[in-house]
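Engineer:
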Amino acid sequence: MSGAVGVFDSGIGGLTVASAIKKHLPNHKLIYFGDTLHLPYGDKSSENIQNYIKAISAFLFEHKCQHLVVACNSASSVLPMVSGLPSFRSITNVIDPVVECVINDTSLKRIGVIGTKRTINSHVYQQQLNDANPSLEVFEHATPLLAPMIEEGFIHDSIAEKVIHEYLSELPEIDALILGCTHYPLIRKEIDAYFEGKVKLFDAPDVVANSLTKLVESPKDDEPQDHFYVSDLTKSFEKTAQLFFGESIQLEKRILFNF
Ligand code: DGL
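Numbered per our numbering, the sequence shown spans residues 734 to 992.
Structure, rendered in structure tokens:
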């Protein structure tokens, strides 16, 4: 086994990150866990999400993953509170690398952040951005309908457009917007269209994949067999996973805990 990467999210959002990881590290085996049974994470308590993280991490570690990617902002926002995680060689969240990217762009002054209620109410982005640069103005806005909407397949249609418009029109004038949920890259084009390309968008997939490449060693496997586990089989997960990883992938159902 040569450094398999375990990636998880509540559902299809983490697939945006997993597919970027596959592009950057094609010879690494990927094991994905979509916790579709507990979706959306954004409405769950911190305690519940911490328990999901523990159970899924243990599962991925048992499946010989050496690197863990928490491909969910809601889970990443409570990750510092989780103790006793298995001893992965590296653990990557989806918040730190994106914050670093924003900070490095010194032209930005007014930053919007959208995400689930869990992520926004944690104020993790505001804190990290202002710790690095207190003069940045940060406007956080919860957009809780977006992840379930995307999960249900409302993406490039008038329903999505209306919901996106409703939420984004509540933001003040900004130079940049952080898409603080891994589901949102799936509606990035629509968000960009709303702002007519005038607001710089930041999201996790390539930024996180890029930071992971610095942590993993070269693999020995040339043709790694990826695995996709879900806690509940859903059509939407199957469709999106096939879109990103090809028709031939098989979903395997695993229930890890009864809560
Ligand atoms: N994709 C997730 C995130 O980045 C979770 C969305 C949800 O399940 O609420 O927060």
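C-beta atoms are modelled at their ideal positions from N, C-alpha and C, and glycine is treated no differently.
1) Among the residues of its own chain, which have a CB less than 8 Å from the CB of His796, if the five just before and after it don't count?
2) Identify the residues that DSSP records as bridge partners of Val846: which are they?
3) Just to confirm my understanding: we take Lys755, look at its own chain, exclude 5 residues before and 5 after, and list those with CB closer than 7 Å. What are they?
4) Between the alpha carbons of Arg987 and Thr967, how many angstroms are there, rounded?
5) Note down, in chain order, each residue of its chain lying with its Cβ closer than 8 Å to the Cβ of Asp776, except the 5 sequence neighbours on either side.
6) Keeping to the same chain, check which residues put their C-beta closer than 6 Å to that of Ser855; ignore five residues upstream and five downstream.
7) Nearest by alpha-carbon distance to Leu948: which of Thr825, Pro905 and Gly744 is it?
8) Quick check on Cys798: does DSSP put it in helix, strand or coil?
9) Mind checking whether Thr769 and Val896 have CB atoms under 9 Å apart?
10) If you count every other CB in all the chains shown that lies within 10 Å of the CB of Thr839, and 16 or more means buried, which is it?
Structural biologist: Quick look at the numbers:
1) The count along the sequence shown starts at 1 and reaches residue 796 at position 63. Cβ within range, chain order: Ala737, Gly739, Ile764 and His960.
2) Counting from 1 along the sequence shown, the entry for residue 846 is found at position 113. Paired residues: Glu873 and Ile911.
3) For the purposes of this step, residue 755 is identified with residue 22 of the sequence shown, where counting begins at 1. The residues are Leu763.
4) Stepping through the sequence shown from its first residue, residue 987 is reached at position 254. Stepping through the sequence shown from its first residue, residue 967 is reached at position 234. Arg987 and Thr967: Cα-Cα distance of roughly 13 Å.
5) Indexing the sequence shown from 1 puts residue 776 at position 43. Once the five neighbours on either side are set aside, the close Cβ partners of Asp776 are Thr849, Lys850, Arg851 and Pro877.
6) As a working mapping, residue 855 is identified with position 122 in the sequence shown. Excluding positions up to five away in sequence, the list reads Ser810.
7) Residue 948 sits at position 215 when you count from the first residue of the sequence shown. Nearest option by C-alpha distance: Thr825.
8) For the purposes of this step, residue 798 is taken as residue 65 along the sequence shown, with counting starting at 1. In this structure, Cys798 counts as strand in the three-state DSSP scheme.
9) As a position in the sequence shown, residue 769 is number 36, starting the count at 1. As a position in the sequence shown, residue 896 is number 163, starting the count at 1. Not in contact: Thr769 and Val896 (Cβ atoms no closer than 9 Å).
10) As a working mapping, residue 839 is identified with position 106 in the sequence shown. Exposed: under 16 other Cβ atoms inside 10 Å.
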